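Residue numbering for the sequence shown follows this note's numbering, starting at 15 and increasing by one per position. Built from N, CA and C at the ideal position, the CB exists for glycine as well. The structure displayed is predicted, hence computed values, not measured ones. Right, one structure below, let's go through it.
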Amino acid sequence: MRFPKWIGVVSICVLLGAATGCGSSEKKLTLEAINNNPEIVQRGGHVKSIRFLEQDEYGRRPGGRGTPPGAYPFVGDILDAEGNPLGEVHGHRVEGLGTAVRRIAWIGEEQDGGRREQWQQRRDAFRRMRGRVREGGPLLTPEDVNQAQAAPPLQEQQ
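Have a look at this one:
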């Protein structure tokens, strides 16, 4: 009995298709959405690949408390035309729904616009006041009032 040629051709095509693979459709959709992000396009960057994470930067797992089921956190490196790193993009991909870019961290730029230092100053002042109240002292002293007036106001995020 002779072996039909078409079975051999079909099996070779199937094996080649399995070997090369088509990649994750969610990964492709995520990359497409990230590379169409206006902020990344404006700076001349692109993302070549992303990594899906076990948990996001806050320690939440996909489908766990605080994240919807099917939401997968990812991180990707932003590159320029020559392949030099420009920054990093963080976000979530929700299956069948879309991609949310949560944060873009550019290399060489202050990540929080100076807000962290301002919040630390306010936190320290609050801790000093709380300690004085526990000791039975006054809530505010003239020194606290002067520091609060001298502190720069919190800047609004753009």
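If the criterion is Cβ atoms closer than 8 Å, does the pair residue i and residue j meet it?
| i | j | result |
| --- | --- | --- |
| D93 | K62 | Checking the displayed sequence, the identity of residue 93 turns out to be Leu instead of Asp. Yes. |
| P83 | H106 | no |
| E102 | A119 | yes |
For residue i, is the classification buried or exposed, using 16 other Cβ atoms within 10 angstroms of its Cβ as the cut-off for buried?
| i | result |
| --- | --- |
| L111 | exposed |
| G31 | The pLDDT assigned to G31 is 47, lower than 50, so where the model puts this residue is not dependable; a value taken from the coordinates is nonetheless given after this. Burial call: exposed. |
| A155 | According to the sequence displayed, residue 155 carries Thr and not Ala. Its Cβ having fewer than 16 others within 10 Å, T155 is exposed. |
| N160 | exposed |
| I121 | exposed |
| G150 | exposed |
Name the residue from the options whose alpha carbon lies nearest to the alpha carbon of residue i.
| i | options | result |
| --- | --- | --- |
| P96 | E40, G59 and N160 | Reading off the sequence, residue 96 comes out as Glu, not Pro. E96 has its Cα closest to that of G59, out of E40, G59 and N160. |
| A139 | N50, D158 and E123 | D158 |
| A85 | E40, I48 and R142 | E40 |
| G90 | H104, L100 and N98 | H104 |
| A47 | M143, E123 and V108 | V108 |
| E123 | R141, L100, G145 and N49 | L100 |
Any heavy atom of the ligand FAD within a distance shorter than 7 Å of the CB on residue i?
| i | result |
| --- | --- |
| S63 | Although the ligand FAD was asked about, the structure shown includes no ligands whatsoever. |
contact_flag[the segment 41-54, the segment 111-122] where n(CB pairs < 8 Å) is 3 or more: yes
Start-end ranges of the beta strand (DSSP E) lying completely within the segment 107-149, minimum 3 residues: 112-120
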